[in-house]
Each structure stands twice: as C-alpha cells, then as structure tokens.
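I have placed the structure first, in the form of structure tokens, so that the comments after it can refer back to it.
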Amino acid sequence: MTAPRPFLMAALAGFLFLGCKDAGTNGVPDDPPVISGLSATTVAVGDTFTVSGSNFGAIQGESLLFLNECSTPVVASWSDGQIRVLTPNIGATISVRVQVGGRESNSVGLGISNYVTGDVSYACDIRPILNFGCAISGCHVGPSPQSQFDQSTYSGLRAGGVKFGANVIKPADSSGSEIIRAMRGTASGGLARMPLGGPWVNSGVPDSLINRVALWIQQGAKLN
C-alpha cells in the first residue's frame, strides 16, 4: 500500500507564516484529528457508516482513513467534522483512525456483523493493486483515462471502457473476464499484456496479485 506522506512540516510552516489557528497550508488543520464517535457500534459489509470528530480537513486531499491497516476504503464523503465510508470485508472487529498532515487520531473500535473469512475485499485488497499499477497518471485514471477505462473507482472498473465494456469483469467467471486476460496478455483483439506503463510495465502484474483479483471476481466482484 502507498505510504502516507508527511505534511506536518508544511502545516506548521503555514501556521508560522499566516498566524492562523484554524487551518495550515493546503487546508491541513493545525490541530491533530480527533474521532468523537461512530454512527454505529456494529455494521454490515456494504453499509455506510459515519466517523464524527474534528480537524479532518475540509477535503480529503492526502489525508487517510484507516480501517485496521487498510488505507484505501471507499470514502463516500469527507468534511472537517464527518467522514462517510463504505464498510469493507476485512474483519469481525476493526479499528478506525484518521491521519491528517502526518498526525493520527485516536482509534475507535467497530464490529462487522457479516464478515466472511476468506472473502477478498475490493476496498482493501483490489483497490491497492489497481492504484499501484493501473490507476496512475497517464493510464487508467481520470479525467481522461486511457480507453475511457477509469480503474480508480468501482463503477469505472465495472464499466470497462470502450475496449472491454461489460466483458471486463464477469462475476463468478474470472477466466472469461477481460481484465484478467489483459493482465495475463491473453485479452481478445490481440491487445498487449497490461499494464503498458507504470511500475509493472516490464514485469507485468505479479501472478499472486492477478490470482487475487481473479478470486475476487470468482466470489462475485462485490463492492466490499
């Protein structure tokens, strides 16, 4: 997973220069984030819950919401006092914390009522793979993704762009899913092995990660 970036010094520099107590450089609050509570003590996979508190920042930017050690959950909305997030399938009990400007909040526990052991999580297993090697600048990320195939969001991934369309992911049929074929270099139409840029341009996506994506598809390609 991508390591969080240290923005604390930038925030402090903004404080010294502007003498502002409310927000530092790039909108990073000067005070550390604090979680005051969650909208529920137990939620189900796929439910949206709310993290309430202060000093989260008006926009997410480079800030991170951690569910256990997963820093790529699907965030529905982000404001200075509330974050709404989709519940992933990552454990029966998880810890929730926020990192803003390199500083971390307190941790709050949350139960997941329908966690399934062995189910691959889109948010915490698949997104990190795509964000690292596919949904990167110049490739499959907005505002102008290659082949109109935006892999930075679940809806964009399932849409498949102009080349793959609905065939990009066929739930319960990973061998027939074009995204798996593209990663293995066997996509229809004679397309070259993907990705064509980024850190895996020469080696290709590691087989272990392709197999992870394939398992997620076999399990239904859920937004989990």
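All you need for the numbering used here is the position in the sequence shown, starting with 1, plus 16. Don't be surprised by glycine CBs; every beta carbon is placed ideally from N, CA and C. These numbers were taken from a predicted model, which means no experiment stands behind them.
Item, Value
"Could you please give the first and the last residue of the uninterrupted alpha helix (DSSP H) stretch that includes W232?", "223-234"
"Take P48 as the anchor and find which of N227, S121, I142, L239 has the nearest alpha-carbon.", "S121"
"Can you tell which of R113, F82, A74 has its C-alpha closest to the C-alpha of G97?", "A74"
"Considering G53, what are the terminal residues of the beta strand (DSSP E) in which it resides?", "50-54"
"On the premise that P104 lies in contact with V157, defined as a C-beta separation below 8 Å, what is that separation, rounded to the nearest angstrom?", "At roughly 21 Å, the Cβ-Cβ gap does not stay under 8 Å, so V157 and P104 are not in contact."
"Just how far apart, CA to CA, sit A108 and L207?", "41 Å"
"Out of S111, P211, R200, which has the shortest C-alpha to C-alpha gap to G127?", "S111"
"Classify S190: buried if its beta carbon has 16 or more other beta carbons within 10 angstroms, exposed otherwise.", "buried"
"For the beta strand (DSSP E) that contains F165, what are its first and last residues?", "Premise fails: F165 is in no beta strand (DSSP E) and is neither H nor E."
"Excluding sequence positions up to five away, which residues of its chain have a Cβ less than 7 Å from the Cβ of L24?", "Residue confidence is low: L24 scores 32 on pLDDT, short of 50, so the model does not pin down where it sits. No coordinate-derived value is stated."
"Check whether the segment 221-238 touches the segment 194-210, taking contact to mean three or more Cβ pairs, one atom from each stretch, closer than 8 Å.", "yes"
"Counting Cβ pairs closer than 8 Å, one from the segment 143-160 and one from the segment 69-84, do we hit at least three?", "no"
"Alpha carbon to alpha carbon, what distance is there between S168 and S160?", "12 Å"
"So what does F82 bridge to, in DSSP terms?", "R113"
"Thinking C-alpha only, which one of G125, C150, N183 is nearest E194?", "N183"
"Let me check understanding here. Comparing Cα to Cα, which of T57, R100, V90 lies closest to Y138?", "V90"
"Tell me whether I152 sits in a helix, a strand or coil according to DSSP, three-state version.", "coil"
"Exposed or buried, which one is S79 when buried takes at least 16 other CB atoms within 10 Å?", "buried"
"Answer with buried or exposed for P222, where buried requires no fewer than 16 other C-beta atoms within 10 angstroms of its C-beta.", "exposed"
"Can you tell me which of the three DSSP states G125 falls into?", "strand"
"Put F65 into one of helix, strand or coil per three-state DSSP.", "strand"
"Can you give me the start and stop residues for the alpha helix (DSSP H) that R209 sits inside?", "Premise fails: R209 is in no alpha helix (DSSP H) and is neither H nor E."
"According to DSSP, what are the bridge partners of W94?", "I99"
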